[in-house]
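Numbering (the numbering used here), first residue to last: 102 to 816.
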């Protein structure tokens, strides 16, 4: 994993009158642009006609940052939302960390964007005050204008030249939430019209002069290499121009994607592979090693008291094992990148969640300086953590170089995406609870075995934070338990691994929250009341590497239960289940699922979700993220990647069945009003959806599901 860079350490913007750094220092720049636009910082430019251009410092992959982040700046600056243009930031000295993941986009940029807008506002007010020869305190801003005493009014566009001459305020006053006009209001997606009309540019839409297309034939066993092939078979296909060996396989270069795919198909019939040392790898052997690891040495993530000793002496002990399978990202837009290599450097056009790392890795692959590689970020047709990887962009660079410079667009097929994903690893969980003589919880043990994402990401290196990362969602269990033991036993596996939407929290919360229900049932207690009892009335508490506000977690749990009418009488075969989690101690989510099971067939009727993510920037965006996150979590009930002879066995949506529209339940979203700093919403609804449904299945049928996936939706 790349180290996270300091956010937006801004050092300059070419052609600007003023540049606003992270600490709001003024840095005058020469050039004619200063006379035609007010460009006080890397985020903002205002033209003489009053239109404002906002540069978004995070990547848009459907989560709505190209709407939410401009709203934050526009609110502080009192911009006219109808006169805003939005552009993507590019990696460089102004933007040193465009990485987008972990549901951190709004939280990470909240203060920098507000300060940027507030500083520009104060400069425009000062320019108007100087023009009118009044005090700046007598001026205010409103929808793209500065208003002064006696009905005076000047547009921002009329003030850009004078404002650009002024010093940038170091600590501009920020608005109070009571004065917000844009934030908290339902705002349609900025990109919505362009996306639904096909005008938006995704990676697959990129077209450059002289562009060709390529498909790479890769060994079906990750890490394998070609031994021999007949490139004449590929060249015989109409439209194929060249065949070249690259580090990831054999590239077929053609006039069109179709010709490249057909040429690759012809080539595949001739190739023999050196499948490498992992050609016999399979899921059964890995799971056997994982089960053995549960009894072997492990790295402790969190320990309170002596849980093993308490478990041995507890009057009653409950133990269960949970299994979560390998998962693929299955983005709707397959991996692709367009690359060009020339004498002075290289250019990339693609959808990536980490433009800076993409730039650095491409430069390293070509032996160039970082600044010699230009990265143009377009919209992503799904990320979910997959496009944090740079494998597909580096491959495109190698193909372009082998093809004489490009531009070349390398396109992956759906089968490529499934067979050569950065997979989310399988994990095996041993859960143990010791109960005291009065029916209370005395000890809790959660032991996890499986491959480590960080080791794969760092190409074989064990990261210092690996244990905490792999136990996230387990080591930060928020319940008040006197003796606690959470540990991770690493079991190495050969395939490349990567983060998935909501990362390790998904399997860990799946096992944790299902097991909480098991304990409640064993004690004869209501699952909601047990959780509330275990949470207690504590304030902010340190749990593992996170700090959790127990009152906020209780609030969402109680709200979801109230809105779902928890405890009501249901028809036979129906059940309610719930789960909750404090995502990284930032966002609090609880869900109640209502399901029915008839003749073994599961139907998920409704999911009631309550969230507390601090101040809500855009309620419409929040609801979309809740619904998308729940759909993602519910899909994981039915999907898996299995391995045989070193190969991923699932190759399409047919055998990796994502949730379809007819199966989507009614989703009801309830938001706790909060003045806390905004936190993320892309991932927090995901982990709790799975245990909520599985707990509801138990309520409906009396059958406990501890292993995923549910085959064909049958119980």
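C-beta: ideal position from N, C-alpha, C; glycine also.
Original post:
Just how far apart, CA to CA, sit residue 803 and residue 424?
Top reply: The alpha-carbon atoms of residue 803 and residue 424 are separated by roughly 19 angstroms.
Original post:
What is the DSSP secondary structure of residue 602, counted as helix, strand or coil?
Top reply: Coil, per DSSP.
**OP:** Kindly indicate the opening and closing residues of the alpha helix (DSSP H) around residue 376.
**Re:** Counting along the chain, residue 376 falls outside any alpha helix (DSSP H), and DSSP gives it neither H nor E.
**OP:** Answer with buried or exposed for residue 630, where buried requires no fewer than 16 other C-beta atoms within 10 angstroms of its C-beta.
**Re:** Taking all protein chains in view, the Cβ of residue 630 is surrounded by fewer than 16 other Cβ atoms within 10 Å, so the residue is classified as exposed.
Subject >> Same chain, Cβ closer than 7 angstroms to residue 579, five either side skipped, listed in chain order >> reply: Answer for residue 579: 636, 644, 649, 651, 654, 683, listed in chain order.
Original post:
Taking the alpha-carbon positions, what's the residue 641 to residue 474 distance?
Top reply: If you take the alpha carbons of residue 641 and residue 474, they lie about 46 angstroms apart.
Subject >> Local Cβ density within 10 Å of residue 168, reported as buried at 16 or more and exposed below that >> reply: Counting the other CB atoms within 10 Å of its CB gives residue 168 a total of 16 or more, which places it among the buried residues.
Original post:
Three-state secondary structure (DSSP) at residue 513?
Top reply: When DSSP states are grouped into helix, strand and coil, residue 513 belongs to the coil group.
Original post:
For residue 444, does the count of other Cβ atoms within 10 angstroms reach 16, so buried, or fall short, so exposed?
Top reply: Exposed.
Original post:
Just how far apart, CA to CA, sit residue 808 and residue 552?
Top reply: Looking at the two C-alpha atoms, the distance is approximately 18 angstroms.
Subject >> Validate contact between the segment 554 to 571 and the segment 433 to 443 using beta carbons, cut 8 angstroms, 3 pairs >> reply: Result no; under three Cβ-Cβ pairs closer than 8 angstroms.
Original post:
Can you list, in chain order, the stretches of the beta strand (DSSP E) that have 3 or more residues and sit fully within the segment 409 to 468?
Top reply: As far as the segment 409 to 468 is concerned, its whole beta strand (DSSP E) runs of at least 3 residues are 417 to 425, 437 to 443, 446 to 451.
Subject >> Option nearest residue 669 by Cα separation, candidates 627, 687, 656 >> reply: Cα-wise, what sits closest to residue 669 is 627.
**OP:** Just grab the DSSP bridge partners of residue 740 for me.
**Re:** Answer by DSSP bridge pairing: none, since residue 740 is not bridged.
Original post:
Alpha carbon to alpha carbon, how far is residue 592 from residue 606?
Top reply: Computed Cα separation, rounded: 18 angstroms.
Subject >> Contact set for residue 836: own chain, Cβ-Cβ below 6 angstroms, skip 5 residues either direction >> reply: Given a span of 102 to 816 for the chain in the structure shown, any question on residue 836 remains unanswerable.
Original post:
Hey, which unbroken runs of the beta strand (DSSP E) at 3 residues or more fall wholly within the segment 620 to 668?
Top reply: As for any beta strand (DSSP E) of minimum length 3 sitting wholly inside the segment 620 to 668, the runs are 641 to 644, 647 to 650, ordered along the chain.
Original post:
Taking the alpha-carbon positions, what's the residue 681 to residue 190 distance?
Top reply: Annotation: residue 681 to residue 190 spans about 36 angstroms, alpha carbon to alpha carbon.
**OP:** Please specify which runs of the beta strand (DSSP E), each continuous and at least 3 residues long, are wholly inside the segment 252 to 297, giving them in chain order.
**Re:** If we require 3 residues or more, the beta strand (DSSP E) runs fully inside the segment 252 to 297 come out as 254 to 256.
**OP:** Could you name the residues that DSSP lists as bridge partners for residue 531?
**Re:** The partner list for residue 531 (beta bridge, DSSP) reads 422, 548.
Subject >> Beta-carbon proximity list for residue 596, same chain, < 6 angstroms, skipping 5 on both sides >> reply: Spatial neighbours of residue 596 in its own chain (CB-CB distance under 6 angstroms, excluding positions within 5 residues in sequence) are listed in chain order as 323, 524.
**OP:** Work out the CA separation of residue 515 and residue 540 for me, nearest whole Å.
**Re:** Between the alpha carbons of residue 540 and residue 515 lies a distance of about 52 angstroms.
Original post:
Taking the C-alpha atoms as reference points, what is the distance between residue 745 and residue 598?
Top reply: When the Cα atoms are used, residue 745 and residue 598 turn out to be separated by approximately 17 angstroms.
Original post:
Between the segment 357 to 366 and the segment 386 to 400, are three or more C-beta pairs nearer than 8 angstroms?
Top reply: With the rule of 3 Cβ pairs closer than 8 angstroms, the segment 357 to 366 does not count as touching the segment 386 to 400.
Original post:
Which residues in the same chain as residue 587 place their Cβ atom closer than 6 angstroms to its Cβ, once the five residues preceding and following it in sequence are excluded?
Top reply: Closer than 6 angstroms at the Cβ level, and outside the excluded window around residue 587, lie 402, 403, 547, 572, 575, 576.
Original post:
Taking DSSP as the reference, what is the three-state secondary structure of residue 760?
Top reply: The answer is coil: DSSP assigns residue 760 none of H, G, I, E or B.
Original post:
Comparing the C-beta of residue 404 with each C-beta of chain B, is any distance below 8 angstroms?
Top reply: As a matter of chain content, chain B is missing from the structure shown, which is built from one protein chain.
**OP:** Can you give me the Cβ contacts of residue 736 inside the same chain, cut-off strictly under 6 angstroms, excluding the 5 residues immediately before and after it?
**Re:** So the list reads 759, 760, once near-sequence residues are dropped.
Subject >> Residue interval of the alpha helix (DSSP H) (run including residue 499) >> reply: For residue 499, the uninterrupted alpha helix (DSSP H) segment begins and ends at 492 to 503.
Original post:
How big is the Cα-Cα spacing for residue 46 and residue 710?
Top reply: Nothing about residue 46 can be read from this structure; the chain reaches only from 102 to 816.
Original post:
Considering only C-alpha positions, which residue in the set 581, 430, 338, 392 is nearest to residue 753?
Top reply: For the residues 581, 430, 338, 392, the minimum Cα distance to residue 753 belongs to 430.
Original post:
Between residue 133 and the rest of its own chain, which residues show a CB-CB distance below 6 angstroms, the 5 nearest in sequence each way excluded?
Top reply: Residue confidence for residue 133 is low, a pLDDT of 36 falling below 50, so the modelled location carries little weight and cannot support an answer.
Original post:
Whole-angstrom Cβ separation of residue 159 and residue 199, contact assumed at under 8 angstroms?
Top reply: The C-beta separation of residue 159 from residue 199 comes to about 6 angstroms, placing the pair in contact by the 8 angstroms criterion.
Subject >> CA nearest to the CA of residue 162, picked from 285, 397, 483 >> reply: The alpha carbon of residue 162 has as its nearest neighbour, out of 285, 397, 483, the alpha carbon of 483.
Original post:
Should residue 762 be labelled buried (16 or more other beta-carbon atoms within 10 Å of its own) or exposed?
Top reply: With fewer than 16 other beta carbons inside 10 angstroms of its own, residue 762 counts as exposed.
Subject >> Own chain, CB closer than 6 angstroms to residue 124, minus 5 neighbours either side, in chain order >> reply: Any reading at residue 124 must be qualified, since the residue scores a pLDDT of 32, below 50, and its modelled position is unreliable; no value is offered.
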